[in-house]
Structures are given as C-alpha cells and as structure tokens.
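A short worksheet on the structure shown next.
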Amino acid sequence: MESERTQVAGRKREARLDKDEIRADTIGRTPTISPSPRQAELYYLRMLLHHKPGATSFTDLQTIDGINYDSFQECCHKLGLLDDDTEKDAAMMEATAIWFAPQLRLAFATILIYCRPADPLAFWERHKSELCRDFVMRDQSSDLNHYNENQALSHLQTILDNEGLDRNADFKLPHAEVFQSPGGPPKAVHDELHHNYVILEEHVHQGYPKLTQEQSMFLTLS
C-alpha cells in the first residue's frame, strides 16, 4: 500500500515538472509598435527588448555600461541601434505583413519625421513597392509605375504638411507631379478615399473620452 502511494506521488511530481517545463518553454510575442509621438518610448522599449536579452526589469533595460539612462530612446542611441536604418527597415517590413498601404505610408512618414533615416531616398526606394501597392491594384497595373509612385508621394506630402515639412526639401524624396492617372478618379474623389490618418487618429484620441453616455451607446451595438 505504501509502495503504491509512493508511486502515485512520484507520478504527480513528474506531471508537475512536465507542466513547469511547458510553461518555461512558452515564448511570448511583443506587439507591433508604430514610432508615433504618443508611443515613441514603447517603440524604443520594444527595440531594446529585442537587443538586450535577459533583462529582468526596466532599470536593467535602461542601464548601459553601468549608467542608468532616463529614456529607452537614449539607451537605443547608446547601443548604436539608431546609427543606421536597420531598425527602421525592420519596423517597415514587420508593418508590411499586417497593415494596408495607407497605414504603411503613415508609418513611413512617422519614421521620416521622428526617426530621421540616414538616407531617406534609399529608404523610400527599398519600401516603395509596398507603399504604392493599393494604387497599383486600383489601377489594375501589372507592375509599379511612375503614376503609382506619384500618388504615394502625394499622399506622403499630405501627411508631412501637418508638420510643416516638405518631402523634397527636408528628406530629398522625389517631387510628385500633378496628374490624373489613366482611369483614375479626380483629385477630389481621391482625397476622400485617402484621409489623413494622423489627424483622424488624433481626433479620435481627444474626442473619445468626451463622449456622453448616450453617444457611447454605439459601443453596445453588435
């Protein structure tokens, strides 16, 4: 009888160990973060998490060579993660897998404004096929063409206008010609279909907390 109890206890102990091993092997996934002004530190925190394995606290993450820095961005600078466009390219490639082209152009413009790529023109050339893909599909083009590039550049300029920046003067990106592509919609229609997501997102962020109880009823609708 005692032997049976010992065997049962042993099996339970082994089962607990197996569960602990399963939990220990579980891999977490960090979410995609856009380097926008409101979540810039989250963006740099995510970058640090990928380059400082084994950190056990925020203090640990923010300590480089024995010096504790005030922000995650400073830590990234100290580690040399912002010296070239490698991390910016990685952010764009990751966003490409989950975002539509208008959102990608917003992310691209945000990186131009707040992260300042070392070579903006080369950065554009590396990612323009994805930045233009909605225009390519809409025009039923088989390949990316000059018209599609101009449409994407025009949309980028609309976003940059809100920061008082110029695509060519500030970032050396190509000038966009004023045109209407074959079979494309008039500019007024195009503008309605391609809203400025920076402004819209900010309006939602500021206005949502101000909704009355009646105005919030839409949240209960299925």
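All residue numbers for the sequence shown refer to the numbering used here, where the first residue is 656 and numbers rise by one. Idealized CB from N, CA, C, for every residue including glycine.
Compute the distance between the beta-carbons of residue i and residue j, then report whether it is under 8 angstroms.
i, j, result
"E749", "M702", "no"
"L761", "I814", "yes"
"R788", "A756", "yes"
"Q806", "F826", "no"
"W779", "L828", "yes"
"P786", "L767", "According to the sequence displayed, residue 786 carries Leu and not Pro. In this structure, L767 does not lie closer than 8 angstroms to L786 by Cβ."
"A831", "S809", "yes"
"R822", "L811", "yes"
"T711", "N723", "no"
"L734", "I719", "yes"
Considering only C-alpha positions, which residue in the set the options is nearest to residue i?
i, options, result
"P775", "T711, A824, G721", "A824"
"E696", "N800, C770, S871", "C770"
"C731", "A752, D794, L874, H706", "H706"
"Y802", "K783, T751, T875, T867", "K783"
"S726", "A745, Q694, D738", "Q694"
With 16 other CB atoms within 10 Å as the buried threshold, where does residue i fall?
i, result
"Y698", "buried"
"A773", "exposed"
"A764", "buried"
"L866", "exposed"
"D816", "exposed"
"A752", "exposed"
"M747", "buried"
"L716", "buried"
"E869", "exposed"
"D740", "buried"
Any idea which residues DSSP pairs residue i with across the strands?
i, result
"N723", "T718"
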